[in-house]
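Protein chains: 2
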Amino acid sequence: MIPRQFADKSVFTVAANRIKDYIQHTPLLSCSAINHICGCQIVFKCENFQKAGAFKSRGAANAVFSLIESGFNGSVATHSSGNHAQALSRVALHTGIPAHVVMPENSLTSKIHATRDYKAQITFCKPTLEARESTLREVMAASGAVEIHPYDNIEIIAGQATCAMEILEETQPDFIIAPVGGGGLLSGTALAAAHFGQCVRVIGAEPAGAADAYESFKTKAFVPSVNPKTIADGLLTSLGQITFPVILAQVSDILLAGEEQIIDAMRLLWERAKIMAEPSSALPLAVVKANPGIFKNKKVCIIISGGNADLDHLPWLK
Amino acid sequence: MIPRQFADKSVFTVAANRIKDYIQHTPLLSCSAINHICGCQIVFKCENFQKAGAFKSRGAANAVFSLIESGFNGSVATHSSGNHAQALSRVALHTGIPAHVVMPENSLTSKIHATRDYKAQITFCKPTLEARESTLREVMAASGAVEIHPYDNIEIIAGQATCAMEILEETQPDFIIAPVGGGGLLSGTALAAAHFGQCVRVIGAEPAGAADAYESFKTKAFVPSVNPKTIADGLLTSLGQITFPVILAQVSDILLAGEEQIIDAMRLLWERAKIMAEPSSALPLAVVKANPGIFKNKKVCIIISGGNADLDHLPWLK
Numbered sequence: 004m005i006p007r008q009f010a011d012k013s014v015f016t017v018a019a020n021r022i023k024d025y026i027q028h029t030p031l032l033s034c035s036a037i038n039h040i041c042g043c044q045i046v047f048k049c050e051n052f053q054k055a056g057a058f059k060s061r062g063a064a065n066a067v068f069s070l071i072e073s074g075f076n077g078s079v080a081t082h083s084s085g086n087h088a089q090a091l092s093r094v095a096l097h098t099g100i101p102a103h104v105v106m107p108e109n110s111l112t113s114k115i116h117a118t119r120d121y122k123a124q125i126t127f128c129k130p131t132l133e134a135r136e137s138t139l140r141e142v143m144a145a146s147g148a149v150e151i152h153p154y155d156n157i158e159i160i161a162g163q164a165t166c167a168m169e170i171l172e173e174t175q176p177d178f179i180i181a182p183v184g185g186g187g188l189l190s191g192t193a194l195a196a197a198h199f200g201q202c203v204r205v206i207g208a209e210p211a212g213a214a215d216a217y218e219s220f221k222t223k224a225f226v227p228s229v230n231p232k233t234i235a236d237g238l239l240t241s242l243g244q245i246t247f248p249v250i251l252a253q254v255s256d257i258l259l260a261g262e263e264q265i266i267d268a269m270r271l272l273w274e275r276a277k278i279m280a281e282p283s284s285a286l287p288l289a290v291v292k293a294n295p296g297i298f299k300n301k302k303v304c305i306i307i308s309g310g311n312a313d314l315d316h317l318p319w320l321k
Numbered sequence: 004m005i006p007r008q009f010a011d012k013s014v015f016t017v018a019a020n021r022i023k024d025y026i027q028h029t030p031l032l033s034c035s036a037i038n039h040i041c042g043c044q045i046v047f048k049c050e051n052f053q054k055a056g057a058f059k060s061r062g063a064a065n066a067v068f069s070l071i072e073s074g075f076n077g078s079v080a081t082h083s084s085g086n087h088a089q090a091l092s093r094v095a096l097h098t099g100i101p102a103h104v105v106m107p108e109n110s111l112t113s114k115i116h117a118t119r120d121y122k123a124q125i126t127f128c129k130p131t132l133e134a135r136e137s138t139l140r141e142v143m144a145a146s147g148a149v150e151i152h153p154y155d156n157i158e159i160i161a162g163q164a165t166c167a168m169e170i171l172e173e174t175q176p177d178f179i180i181a182p183v184g185g186g187g188l189l190s191g192t193a194l195a196a197a198h199f200g201q202c203v204r205v206i207g208a209e210p211a212g213a214a215d216a217y218e219s220f221k222t223k224a225f226v227p228s229v230n231p232k233t234i235a236d237g238l239l240t241s242l243g244q245i246t247f248p249v250i251l252a253q254v255s256d257i258l259l260a261g262e263e264q265i266i267d268a269m270r271l272l273w274e275r276a277k278i279m280a281e282p283s284s285a286l287p288l289a290v291v292k293a294n295p296g297i298f299k300n301k302k303v304c305i306i307i308s309g310g311n312a313d314l315d316h317l318p319w320l321k
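In order, the protein sequences belong to chains F and U.
Residue 318 in the numbering used here sits at position 315 of the first sequence; the count goes up by one each step and never skips.
Residue 208 in the numbering used here sits at position 205 of the second sequence; the count goes up by one each step and never skips.
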């Protein structure tokens, strides 16, 4: 059953309409060589071409625009290792409101530079969830800013859902696979499939080294992300109070892949499909390669969630 | 005046129709950050997503399919440092005819592997034009194969023109810029603009270290490519007997960029636009950045001719 706050599909159609002039309608691409290797028909939804380089621009735009529609004229704040930071800063700059971003001190240099280019006030902190949350509280207390949570926010989830809505307007695959960190993209995708899909199953892909969503899904009890170890830097966070129930109710399965499988899939995407996927975005392809029995001869749509890779430290050049 | 053999636009519409089910209709993408840096409105025609990773699939398909329509059932041969080799091998494999490819021994490993994957018979030679041509003659004598020249062939040029035909169906820019090596893409682009464009000027982009087309264009007398030195490995060849007159008649200008400018533009495309351009394909953007006076506030379409970069040796990691 679709959770109550998302039961009315107008939450999603309003979001799509609200942000459509601000975001890219990203292309679906395919690659014969990868289809041959995987034994199925894959289309890639290329959110690496989204504004600010990732799907996060969808949710950030929907959240900020809906605040402004309701008369808001303060400042916004968040903690983010990168893609949500860039997305929120960009939409804040566009709408003329100040943005405060708490970033872990080990964030990619390219993501820090891009966030700074969008004129956000950056505060660095230790790379732990506790430090991120306590620093954010301090920043909000000092600035009076309103938090825009990176995923546990109804408008963020509705915004991320617009990615799968675009997919489903063009094709109705057997499966859509999205990476899962905090679950904003995965829950939005599953809700879009429930409202606009025709028997489309949604699967989450998670690193084996950060398998808290997998454990939560299998045990039906929230398991936090503790000491995650993975190259997929976008997927280190725990599920949220809003995203977890949506995922439990609407997602078919969560599948895991290891670090070598992620790096192999990333290189395959770059080399054969010419799609610059960041490690988190290579994960769904790693999951397809690791589970040929599930996907054989199926139509599979993989969401390439972002392309903000570190071009000075490619993982296969070690 | 349009050269006689290309005066009838049906050469191009027939080519487009002949190859349409075999090639990708590639997307046009844009990047606000790059527009901001360059001071103009750029769209990128992403032939890096073309079959076999480059626009060369268009010409190769048109040449082979038109041979087959005329009753041909022999084998085909060519010399190529990579992209034409892959494109010809792929279409030959698809149509069931043997392909013989002469490759310089310093070709990228990834391009050699891909050509081999398409089941072509590869013969290696020294990396000079003389060695390529003499080795090809030997291969043709031994096999009886028909040469499909990489650019100096009417059907190849008509095939490459279909790229700009797709652009012009979607947008009518002030400029289209294509890289120039042998001139197949540039002459096809200029012919498409002449037949299907509305005041669209076509510009060639060439490395300063391989400026034979520039010299030929400026002096109106053929200058061969001798000892070219550039990272843009797709642009080492001389203009052809068919391509040079077309370029003289139909191209507005040829502009140059240096090696550092090419590498900077390549990194900019990868980092900000998430477009994996090979060095030859980064050249048009380098030319735009180097000539702000020409392109300021204009609508510019850049053909990203291919994406077959060497992921083990990225030029900024030195």
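Virtual Cβ for every residue (Gly too), placed ideally from N, Cα, C.
Here H82(U) carries a strand assignment [DSSP, helix/strand/coil]. For the options K23(U), S110(U), G62(U), N76(U), the alpha carbon positioned closest to that of A164(U) is the one of G62(U). Scanning P248(U), S190(U), R140(U), V290(U) for the CA closest to the CA of P210(U) turns up V290(U).
The segment 66–80 of chain U makes no contact with the segment 112–122 of chain U; the number of CB pairs closer than 8 angstroms stays below 3. The beta carbon of Q53(F) sits closer than 6 angstroms to the beta carbons of Q27, T29, S60 from its chain, once the five residues preceding and following it are set aside; these are given in chain order. About 7 angstroms separates the Cβ atoms of M106(F) and S84(F), confirming a contact at the 8 angstroms cut-off.
The beta-carbon of K277(F) is placed less than 8 angstroms from the nearest beta-carbon of chain U.
Here L188(U) is buried. Its C-beta has 16 or more other C-beta atoms within 10 Å. If the five residues before and after K223(F) are omitted, its C-beta is found closer than 8 angstroms to the C-beta atoms of L251, all from its own chain and listed in chain order.
Per DSSP, the unbroken beta strand (DSSP E) holding D256(U) starts and ends at 256–260. Not a single CB atom of chain F sits nearer than 8 angstroms to the CB of F58(U). Interface with chain F (8 angstroms Cβ-Cβ cutoff): R270(U) is included.
By the Cβ test, the segment 200–219 of chain U is in contact with the segment 252–261 of chain U, since at least three Cβ pairs between them sit closer than 8 angstroms. Per DSSP, the continuous alpha helix (DSSP H) segment holding A64(F) begins and ends at 59–72.
Under the DSSP assignment, I305(U) falls in the beta strand (DSSP E) whose first and last residues are 302–307. At least one beta carbon of chain U lies nearer than 8 angstroms to the beta carbon of S113(F). Against F52(U), the close residues of chain F are L32, K277, in the order they occur along the chain (beta-carbon pairs closer than 7 angstroms). The Cβ neighbour count for A312(F), taken over all protein chains shown within 10 Å, is at least 16; the residue is labelled buried.
For D315(U), the closest Cβ of chain F is nearer than 8 angstroms. Straight-line spacing of the CA atoms in K12(F) and A167(F) works out to 13 angstroms. Against chain F, the CB of E274(U) has a partner CB under 8 angstroms away; the residue lies at that interface.
DSSP, reduced to helix, strand and coil, places C166(U) within a helical segment of the structure shown.
Neighbours of L286(U) in chain F, taken as residues at a C-beta separation under 7 angstroms, are lacking, since the least C-beta distance is about 17 angstroms.
Shown here, G212(F) sits in a helix according to DSSP, grouped into three states. Secondary structure at C34(U): coil, using DSSP grouped into helix, strand and coil. Inclusion of A193(F) and Q253(F) in the CB contact set at 8 angstroms is warranted, their separation being smaller than that value. With contacts defined as CB atoms closer than 8 angstroms, G237(U) and D155(U) fail to qualify as a contacting pair.
Of S308(U), I266(U), P101(U), the smallest CA-CA separation from W319(U) is found for I266(U).
Along the segment 220–251 of chain F, none of the residues has a CB nearer than 9 angstroms to a CB of chain U. Secondary structure of T246(F) (DSSP, three-state): helix.
Beta-bridge analysis with DSSP links P182(F) to A208(F).
When Cβ-Cβ separations below 8 angstroms define contact, L320(F) makes contact with chain U. Those residues of the segment 286–314 of chain F placed with their C-beta closer than 7 angstroms to a C-beta in chain U are G310, L314, ordered along the chain. Between the alpha carbons of H116(F) and A36(U) lies a distance of about 13 angstroms.
Per DSSP, the unbroken beta strand (DSSP E) holding T126(U) starts and ends at 124–128. CA-to-CA, the gap between I297(F) and F298(U) works out to about 51 angstroms.
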